[in-house]
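Participant: All you need for this note's numbering is the position in the sequence shown, starting with 1, plus 209.
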Amino acid sequence: MTGSPPLHLTNLQLLDPAFDAPRGGHEVLIAGERIVEVSDRPIAAPGADRLDLGGRVLMPGLIDCHVRCMDAGPHMPGGEEPLTLATARAAHRLRAMLDRGFTTVRDTGGTDRGVKAALDQGLIAGPRLFISGRAIDPTGGLADGQASGGDGDACPCCHGRAVRPVAAEGEDAVRRAVREQMREEADQIRIIVPGVGSPHHPPDSPQSPATGIRAAVDEAESFGRPVLAHACCAEAIGRAVAGGVHCIEHGTMIDESVARLMARHGAHLVAGLVAHVAIAERGAAHGMPPELLERNAMALDARFRSLEICRAAGVPVAFGSDLPGVLADDQSREFSIRAEVMPPIEVIRAATTIAAGVLRRPGRLGRVAPGAWADLIVIDGDPTRDITLLEGQGRHIAAIIKGGRFHKNGLN
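(1) Which full runs of the beta strand (DSSP E) of 3+ residues lie inside the region 535-562, going along the chain?
(2) Could you pull the start and end residues of the alpha helix (DSSP H) that ILE446 belongs to?
(3) Along the chain, which unbroken stretches of the beta strand (DSSP E) at least 3 residues long are found entirely within the region 563-589?
(4) With a Cβ-Cβ cutoff of 7 Å, do ILE333 and ALA300 count as a contact?
(5) Going by C-alpha distance, which of HIS485, ASN505, CYS441 and VAL526 is nearest ALA472?
(6) Along the chain, which unbroken stretches of the beta strand (DSSP E) at least 3 residues long are found entirely within the region 210-281?
(7) Rounded to whole angstroms, what's the CA-CA distance from LYS617 to ALA608? Just pull it up for me.
(8) Determine the contact status of GLY481 and SER431, defining contact as a CB-CB distance below 7 Å.
(9) Quick test of your reading: VAL372 and ARG343, contact by CB under 8 Å. State the CB separation rounded to the nearest angstrom.
(10) I want to know whether the region 560-578 touches the region 261-272 - three or more CB-CB distances under 8 Å.
(11) Please determine if the region 302-322 and the region 335-342 are in contact, where contact requires at least 3 C-beta pairs separated by less than 8 Å.
(12) What residues in its chain sit with their C-beta under 7 Å from that of GLY612, if we drop five residues either side in the sequence?
(13) Going along the chain, which residues of its own chain have a beta-carbon closer than 6 Å to the beta-carbon of ARG302, five neighbours each way excluded?
(14) Return helix, strand or coil for HIS474, following the three-state DSSP convention.
(15) Quick check: the Cα distance between PRO255 and ASN621, rounded to an integer number of angstroms?
(16) Which whole-angstrom value is the C-beta distance of LEU437 and GLN390, which I expect to be below 8 Å?
(17) Take GLY233 as the anchor and find which of ALA522, ARG265, PRO347 and GLU500 has the nearest alpha-carbon.
(18) By DSSP, does ARG434 sit in helix, in strand, or in coil?
(19) Count the other C-beta atoms from every protein chain shown that fall within 10 angstroms of the C-beta of PHE228, then say buried if there are 16 or more, exposed otherwise.
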């Protein structure tokens with residue numbers, strides 16, 4: 210917004226996650242892509258464009274910490290498709306996410322730096338994108354890019370296998386794999402331990418040795434990047450956290466002692482419920498095999514329990530949808546599903562301040578405060594009273610601002 214006048218927002222109900230409910234009488238001043246002033250008194254801003262929000266709620270843009278922008282479907286059959294198709298799908302999906310009010314997302318499905326560059330250059334519309342590169346997976350793990358019993362395609366760079374996990378055994382191989390993702394401008398590193406979706410391992414089996422976990426963390430931290438671990442069983446979660454992993458994805462079978470360990474280490478959990486609900490409803494119609502549907506049903510009940518265990522232990526639990534392929538439009542349903550077991554304001558914090566902590570951007574994301582990026586949404590109503598106002602494909606969102614620029618403006 211260089212050269213554009215500041216934007217002065219008035220007549221609004223401010224919902225910063227530090228509050229328990231919206232507060233009236235506030236004004237917000239934006240200059241460039243940053244918030245420069247927030248006040249409960251009139252702001253003197255000569256020369257600014259003044260915009261009356263009509264008493265609507267202003268809150269931070271939403272953050273989803275577990276998306277798969279290029280993913281093909283519930284059973285991940287896209288390994289043989291052209292990357293051009295996967296990229297076009299990502300562009301469509303990212304715009305839809307921004308339309309729902311998600312101004313930042315963290316991709317864990319292999320979306321690459323080209324898609325991120327297209328967003329940064331304004332070639333496609335979408336949220337801020339934090340990429341993980343290719344996940345690092347033990348051979349025969351969740352999805353190590355090799356067909357069972359085969360060597361895969363001799364030239365994977367032109368199709369979907371290029372974004373699938375890379376197999377790495379031993380400390381040296383793990384360190385090399387981390388450096389390769391750094392070369393591809395990854396914002397964080399994803400390692401895979403066990404998972405309910407692996408066809409080769411039971412969900413209660415830890416796959417990755419502790420030495421590999423420590424090697425990944427040490428190498429990533431040398432670049433100033435955190436490590437997230439796909440980990441489901443309690444033993445694997447504990448091993449990952451003890452090895453220095455910053456964030457656990459899923460955590461399906463966590464127990465109280467491991468949750469307390471996470472809290473002591475300051476580790477986060479990204480747990481999604483909506484993916485399991487959507488897969489239970491429509492996974493079979495999209496080709497998910499019966500054995501994985503059975504695992505999904507088991508995981509859904511466990512996810513609710515894990516959420517309650519982590520809340521009781523004081524583990525910060527961030528918002529993540531983890532929706533595969535054609536189910537991605539269900540993203541915002543996560544709000545009302547989580548609200549079955551926690552107050553709406555806690556769900557909102559999961560998608561704002563807690564998520565910003567996962568991304569190591571506290572104070573810059575997830576707040577309406579001076580110095581934060583001007584990523585904001587304007588809601589017709591109070592989501593602390595009715596969380597479904599954050600659903601409906603953005604139907605209740607009157608305006609969306611990303612980096613100080615309007616993506617949507619239905620205020621006039």
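Just so it is clear, CB atoms sit at the ideal spot from N, CA and C, and this is done for glycine as well.
Facilitator: Concretely, from the data shown:
(1) none
(2) 443-451
(3) 585-588
(4) yes
(5) VAL526
(6) 216-223, 232-240, 243-248, 258-261, 266-269 and 271-276
(7) 5 Å
(8) no
(9) 7 Å
(10) yes
(11) yes
(12) GLU242, TRP582, ALA583 and ASP584
(13) CYS278 and ALA537
(14) helix
(15) 21 Å
(16) Contact flag wrong, Cβ pair sits at about 12 Å.
(17) ARG265
(18) coil
(19) exposed
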